Amino acid sequence: MTVNQKVTKYEQVWIDGLNRGDVSAADKSFSSNCVIHMAGAAEPNLSVAAFKELVSGLLAAFPDLRLTVEDQIVAGDKVATRWTAVRNAHRSSR
1 MTVNQKVTKY
11 EQVWIDGLNR
21 GDVSAADKSF
31 SSNCVIHMAG
41 AAEPNLSVAA
51 FKELVSGLLA
61 AFPDLRLTVE
71 DQIVAGDKVA
81 TRWTAVRNAH
91 RSSR
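Per this note's numbering, residue 1 is the first one in the sequence shown, and the count goes up by one each step.
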């Protein structure tokens with residue numbers, strides 16, 4: 001299995017987990033010491049635990065959120081993923 005195939009496999013585990021509302025899939029998809037860079041996040045450099053917390057909040061607000069990986073770039077030990085999210089409902093906290 002090539003590096004690209006392995007990355008795609010683990011990314012699919014993560015996306016499938018998110019689409020089920022299961023952020024624990026991150027534990028199977030990311031190295032425990034990785035740093036996740038997320039544009040638009042209050043803290044752009046996130047640990048896996050912080051990323052799971054952020055995503056849990058998104059899933060609570062948007063329970064029908066569905067994600068799709070659009071493309072990935074792998075270079076050595078770095079991976080960049082472009083994904084899209086679609087939702088139909090928003091659960092307000094008011």
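Here a beta-carbon is modelled for each residue, glycine too, at the ideal position from N, C-alpha and C.
Model, not experiment: these values are computed from the prediction.
- Contact between the region 57–75 and the region 14–23 is established, with three or more Cβ pairs separated by less than 8 Å.
- The alpha helix (DSSP H) runs of length 4 or more contained entirely in the region 4–73 are, from start to end of the chain, 26–29 and 48–61.
- Separation of the CB atoms of tyrosine 10 and serine 29 is rounded to 5 Å, and the pair is thereby assigned contact status at 8 Å.
- For the set Lys52, Gly57, Asn33 and Asp71, the Cα lying nearest the Cα of threonine 84 is the one of Asp71.
- Within the same chain, and ignoring the five residues on either side of serine 56 in sequence, the residues whose Cβ sits closer than 8 Å to its Cβ are Val23.
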